[in-house]
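Visitor:
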Amino acid sequence: MSLIPDTARAMIGASDPPIRVEISRGEIMKYAVATEQRQRKFLDGDEAPPMFLFGALRRITPIDELGPDGTVAGSHLPDLPLKRVMAGGTKTRYFRAVKPDDILVATRTLADIYEKRGAQGPLIFLVYKLDVRTEAGEKVVEELQTRIVR
């Protein structure tokens, strides 16, 4: 018998509303300094370091609107019988650098849900696909994010 309800399986393919982000040279420079980058292209804001998008794509959300695991409510986490959510890893593919004055559009889609039996009991895996493109449609980053629920 599956732990994954039909209502959760029906969410596969559902996407959060796209996030539109304008990238500024100043934001790149602040991030570069804060993360102790050493390359001039980052420090001068000519190009964003690879992890820059991790924070740039997050909506600013008051802490009282976050769930117990730190996620934003309604972010395509289906109602599941297991409740503890953990990070399961990411696979990121970069197609081009993020530059100042880029206008990026990111879409996050629930790509898959499956279950496995772990050493300490059942696990449910949720796989999200993050697609980041320029406003003109040029592919910038594609990321697969896995969450494990136990």
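In this text, residue positions in the sequence shown follow this note's numbering: the first is -6, and each later residue adds one. Built from N, CA and C at the ideal position, the CB exists for glycine as well. All of these numbers come straight from a predicted model, not from anything done at the bench.
(1) Residues in its own chain within less than 8 Å of L(-4) by CB, not counting five upstream and five downstream?
(2) Which residues in the same chain have their Cβ closer than 8 Å to the Cβ of E40, if we skip the five residues on either side of it in sequence?
(3) What residue from R143, A129, L119 has the CA that sits closest to Q113's CA?
(4) Kindly indicate the opening and closing residues of the beta strand (DSSP E) around I106.
(5) Compute the Euclidean distance between the alpha carbons of Q32 and A1, then round it to the nearest angstrom.
(6) From M44 to R101, what distance separates their C-alpha atoms?
(7) Scan the stretch -6 to 43 and note each continuous alpha helix (DSSP H) run of 4 residues or more that stays entirely inside, going in chain order.
(8) I'd like to check one pair, S8 with L103: are the Cβ atoms closer than 9 Å?
(9) Going by the beta-carbon positions, is the gap between I141 and A49 smaller than 9 Å?
(10) Give the secondary structure of L50 by DSSP, where H, G and I count as helix, E and B as strand, and everything else as coil.
Guide: Result, derived from the coordinates:
(1) L73, P74, L75, E108, P115, I117
(2) I21, K34, A90, V91, K92
(3) R143
(4) 96 to 111
(5) 44 Å
(6) 17 Å
(7) -1 to 2, 18 to 27, 33 to 36
(8) yes
(9) no
(10) coil
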